[in-house]
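Structure first, then comments.
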Ligand SMILES: *Cc1c(COP(=O)(O)O)cnc(C)c1O
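Numbering (the numbering used here), first residue to last: 519 to 1004.
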């Protein structure tokens, strides 16, 4: 008999220990949750780093309660809580409860989705969700895809497939070009780097006034490529840009992509939730013309990270990701596998979260949340029109508001510095969290609204705080200290 204590392993012999640990964890979590009143406490990086550095990982505490108490100090107490209505910073959503129940199961059972012999039914549940999503996109029976860790990985895989097709057609790597709007996600450039094309291979197409890819500029970029002896192997159309929620003109882009024989990837990492939004699903019209699509369920399907998928119109195009390993999925095996469609090998059953979400809530309710947050964004925007000393960069298209406090008499540099100072002050007060971005080089603040429980008053309250804090900072002459003064 082993002397080693084995009660920490998930096993029927330890079912009571397991249940007790989960109950204790749950008690810690719900009491923490009940105490949350602000999106963040405003802890500074040095403070957070020092608390963590003090932990000696070679000296275990022995029991879960002690470790969870420690966790509270290290993380939970000062964590950023996305469910608080005054959290309006990045593309993070409050998460739905059925998905959290799924997390409990998928971690404990620990199925790995690479092969049937590690997952059995899970393989088909993932496939069915891929099929369900493909159907919503409007793809036909040949569609396929795979869950991934996130939109960046999904975009990388899509561009890998595009590059493979370019290679099949005999295009030299050095001649390959990827076209994307100036507002496309940076993972496009990063993917080009990883794929050995270099970020210079990405041609940035100008956006129109509403930040959508300009089709005329797009065609000019295509013909320019050919005139220089380059080959446009891929086009990335964004359905919901990260900053403005802008949806590129998908049909027009698809027509041109086909004419010039370029792979069309639609990055719907943000806009993907529109697939289930009854009142706005039409905004994605044309997405069915894509060769591949990115959907981030962990953005607009209210799923916990990670949950994303690559969906392709023709499953055969996934082949470049296929590899047969004797130990895993030998060529002669007749078992279904998912590893041949994925960049990963061992892979979480993240699909279970979306599965339970659909089985418990159904797609219409998820879609109603999407419609609600966009309604909210539009209502807040309308309310803010004409507010003195507030500059709105563009009308909202999905659920972001890009704006800034712009009191009269400040230079551009001062206005930028003021808004960064406002953001920092809101964080350290912990009252509200907003993000920041630049619009054509000018500093703005960004509010991303993905909380269906937030009200108009909540969000108008954030904007009111922005203006109040800005006014106070100006009054104290704090702007000089931030280096933004003339
Ligand atoms: C968020 C986002 C991504 C990246 O997705 P991750 O899941 O964060 O890796 C890609 N494209 C767009 C348009 C996004 O908004």
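Built from N, CA and C at the ideal position, the CB exists for glycine as well.
**Message:** Quick check: what's the CA-CA separation for residue 925 versus residue 988?
**Reply:** One C-alpha to the other measures close to 9 Å.
**Request:** Please check the pair residue 585 and residue 829, which I expect to be a contact at CB under 8 Å, by giving their CB distance rounded to whole angstroms.
**Result:** The pair is not a contact, with the Cβ atoms about 40 Å apart (cut-off 8 Å).
**Neighbourhood of residue 579 by C-beta, 6 Å cutoff - its chain only, sequence neighbours within 5 removed** = Listed in chain order, the non-local C-beta contacts of residue 579 below 6 Å within the same chain comprise 585, local neighbours out to five positions each way being set aside.
**Pair within 8 Å by beta-carbon distance, residue 789 and residue 917** = The answer is no: Cβ separation not under 8 Å.
**Message:** What does DSSP give as the partner residue(s) for residue 621 in the beta ladder?
**Reply:** Residue 621 pairs with nothing; no bridge assigned.
**Secondary structure of residue 810, DSSP reduced to three states** = It is a strand residue.
**Item:** Identified DSSP bridge partners for residue 668
**Value:** For residue 668, which the question treats as bridged, DSSP gives no partner whatsoever.
**Message:** Contact defined as beta carbons within less than 8 Å: I believe residue 805 pairs with residue 910. What is the distance between those atoms, to the nearest angstrom?
**Reply:** With a Cβ gap of about 28 Å, residue 805 and residue 910 do not count as contacting.
**Item:** Exposure label - residue 873; buried when at least 16 CB within 10 Å
**Value:** Around the beta carbon of residue 873, a 10 Å sphere encloses 16 or more other beta carbons of the protein chains shown; the residue is thus reported as buried.
**Prompt:** At what residues does the beta strand (DSSP E) containing residue 1009 begin and finish?
**Reply:** In the structure as shown, the chain begins at 519 and stops at 1004. Residue 1009 is therefore absent and cannot be evaluated.
**Item:** Segments assigned alpha helix (DSSP H), at least 4 residues, entirely inside the stretch 587-662
**Value:** Entirely contained in the stretch 587-662, the alpha helix (DSSP H) runs reaching 4 residues are, in chain order, 615-627 and 639-655.
**Request:** Could you have a look at residue 756 and say whether DSSP puts it in helix, strand or coil?
**Result:** If DSSP states are grouped into helix, strand and coil, residue 756 belongs with the strands.
**Asked** Do the CB positions of residue 678 and residue 838 come within less than 8 Å of each other?
**Response** Between residue 678 and residue 838, the gap from beta carbon to beta carbon is short of 8 Å.
**CB of residue 827 within 8 Å of CB of residue 648, strictly** = The answer is yes: Cβ separation under 8 Å.
**Message:** If I measure Cβ to Cβ from residue 955 and keep anything under 7 Å in the same chain, skipping five residues before and after, which residues do I get?
**Reply:** These residues qualify, in order along the chain: 761, 920, 962 and 964.
**beta-carbon residue 817 near ligand 1 non-hydrogen atom, thresh 7 Å** = At least one heavy atom of ligand 1 is found less than 7 Å from the C-beta of residue 817.
**Prompt:** First and last residue of the beta strand (DSSP E) that includes residue 826?
**Reply:** Counting along the chain, the unbroken beta strand (DSSP E) around residue 826 starts and ends at 826-830.
**Prompt:** Starting from residue 781 and walking both ways along the beta strand (DSSP E), at which residues does that stretch end?
**Reply:** That run of the beta strand (DSSP E) goes 781-786.
**Message:** Is there a Cβ of chain B sitting closer than 8 Å to that of residue 800, yes or no?
**Reply:** Protein chains in the displayed structure number just one, and chain B is not present.
**Request:** Could you tell me if residue 664 is buried or exposed, where buried requires 16 or more neighbouring beta carbons within 10 angstroms of its beta carbon?
**Result:** Buried, by the Cβ-count rule.
**Message:** Tell me which residue opens and which closes the alpha helix (DSSP H) that residue 528 is part of.
**Reply:** Where residue 528 is concerned, there is no enclosing alpha helix (DSSP H), given that its DSSP letter is neither H nor E.
**Asked** So, do the stretch 848-868 and the stretch 624-640 have three or more beta carbon pairs nearer to each other than 8 Å?
**Response** With contact defined as three or more Cβ pairs closer than 8 Å, the stretch 848-868 and the stretch 624-640 are in contact.
**Runs of beta strand (DSSP E) wholly within the stretch 899-936 (minimum 3 residues, chain order)** = Those beta strand (DSSP E) runs which fall completely within the stretch 899-936 and span 3+ residues are 908-910 and 918-923.
**Asked** Taking the alpha carbon of residue 958 as the point to measure from, which residue in 934, 974, 948 and 968 has its own alpha carbon closest?
**Response** When only C-alpha atoms are compared, the closest one is 934.
**Item:** For residue 875, the first and last residue of its enclosing alpha helix (DSSP H)
**Value:** Where residue 875 is concerned, the enclosing alpha helix (DSSP H) stretches over 869-878.
**Asked** How about the stretch 839-853 and the stretch 774-789: do they share at least three Cβ pairs that are nearer than 8 Å?
**Response** No, they do not touch.
**Request:** Note down, in chain order, each residue of its chain lying with its Cβ closer than 6 Å to the Cβ of residue 533, except the 5 sequence neighbours on either side.
**Result:** Close CB contacts of residue 533 within its chain, under the 6 Å cut and outside five residues either way in sequence, are absent.
**Prompt:** Leaving out the 5 sequence neighbours to the left and right, which residues in its chain are closer than 6 Å to residue 681 when beta-carbon positions are compared?
**Reply:** Excluding residues within five positions, the ones whose Cβ falls inside 6 Å are 713.
**For residue 552 and residue 616, the rounded distance between their alpha carbons** = Approximately 19 Å between the Cα atoms of the pair.
**Prompt:** Excluding the five sequence neighbours on either side, which residues of its own chain have a C-beta within less than 7 Å of the C-beta of residue 857, listed in chain order?
**Reply:** Closer than 7 Å at Cβ, skipping near neighbours: 632, 633, 846, 847 and 863.
**Item:** ligand 3 heavy atom lying under 7 Å from the CB of residue 760
**Value:** You won't find ligand 3 in this model; what it holds is ligand 1.
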